[in-house]
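Notes to accompany the following structure.
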């Protein structure tokens, strides 16, 4: 590799150029002339360094057999610093992945960038002729302009011809506002296959609102819930007051006598149970208020059919509801 340098910071430019312009895999080294008459900015130096590192990473991945990973690194390197050697390695990776159409494209771009007297030009042109012989043509007809996808990548536009490697493939057409259509095609090398695809318009999403009619809850049920809430709260208040009275009685007794704490705790527990029940019933009653039909004609004897009666005794307490 011949490098001619002049101007300030020649040593820095020489280092970056030598590290970036590595010879392609399997290709002879190229003669490159580099003119460096201006100082390299820190941003450019960082860009060159990243391009060099990504190129090296891509070449290493390709040599390890990971061509998919190598393509990502080599493509990123080419975006940072377009060089023909990078295109050569990209073309070889595409060839290893049997993407002969993309390999031919990359080799063609390589020849456009490489010098006319490039020593590898005859070999690259011969490779391109060989790869073209491995390609078939799919002539796609469609009712609307669409992208043509082959397996997992875009290969062209429809209607028109697309070059694909010989073999079996899944061809898909995609167009905005239309449903995609797939076809399985088998293409032999140097043959043409005709595919006619009609894309249908995608229907707009239709929202259907369905109203479920439920019979309204009779008003007596709601009022029964209200009554039950008040009765339950009243029973809880009764036992709460009872617990307070027992406590005051115990405080008034001689402190030397044993305190009757069991009765206080029992009344307090019963009061808490009824207060919690009142809260639950009250919440349910509020919900019932939204489901109750208050405008309907009440049954003549509906109020008489709903009865709520507290049950109190020396060892028990409860509520009886009759419908």
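Numbering (this note's numbering), first residue to last: 144 to 466.
Idealized CB from N, CA, C, for every residue including glycine.
Query                                                                                                                             : Result
Segment contact flag, the region 252-259 with the region 273-292, C-beta cutoff 8 Å, min 3 pairs                                  : no
Beta-carbon contacts of residue 431 that lie in its chain and below 7 Å, excluding the five residues immediately before and after : 360, 364, 365, 368
Beta-carbon proximity of residue 223 to residue 190, cut-off 8 Å                                                                  : yes
Endpoints, beta strand (DSSP E) assigned at residue 290                                                                           : 289-293
Cβ-based burial, residue 279 [other Cβ within 10 Å; buried from 16]                                                               : buried
Proximity to residue 276 [Cα-Cα], best of 302, 241, 264                                                                           : 241
Outcome for residue 358 when other beta-carbon atoms lying within 10 angstroms are tallied against a minimum of 16                : exposed
For residue 373, the nearest candidate out of 417, 285, 343 (CA to CA)                                                            : 417
Residue interval of the alpha helix (DSSP H) (run including residue 301)                                                          : Residue 301 -> not in any alpha helix (DSSP H); beta strand (DSSP E) instead, spanning 296-301.
Same chain only: Cβ atoms within 6 Å of residue 296, ignoring 5 sequence neighbours per side                                      : none
Whether residue 421 touches residue 375 by CB criterion (8 Å)                                                                     : yes
Cβ pair residue 245, residue 237 closer than 8 Å                                                                                  : yes
DSSP three-state assignment for residue 245, whether helix, strand or coil                                                        : helix
Ranges of the beta strand (DSSP E) found wholly within the region 307-356, counting only runs of at least 3                       : 310-317, 324-330, 335-340
Secondary structure of residue 208, DSSP reduced to three states                                                                  : coil
CB contact below 8 Å: residue 290 versus chain B                                                                                  : As a matter of chain content, chain B is missing from the structure shown, which is built from one protein chain.
Span separating the alpha-carbon of residue 211 from that of residue 243                                                          : 15 Å
Proximity winner among 221, 182, 185, relative to residue 202 (alpha-carbon distances)                                            : 221
Whole-number beta carbon distance between residue 314 and residue 338, since they are thought to touch under 8 Å                  : 6 Å
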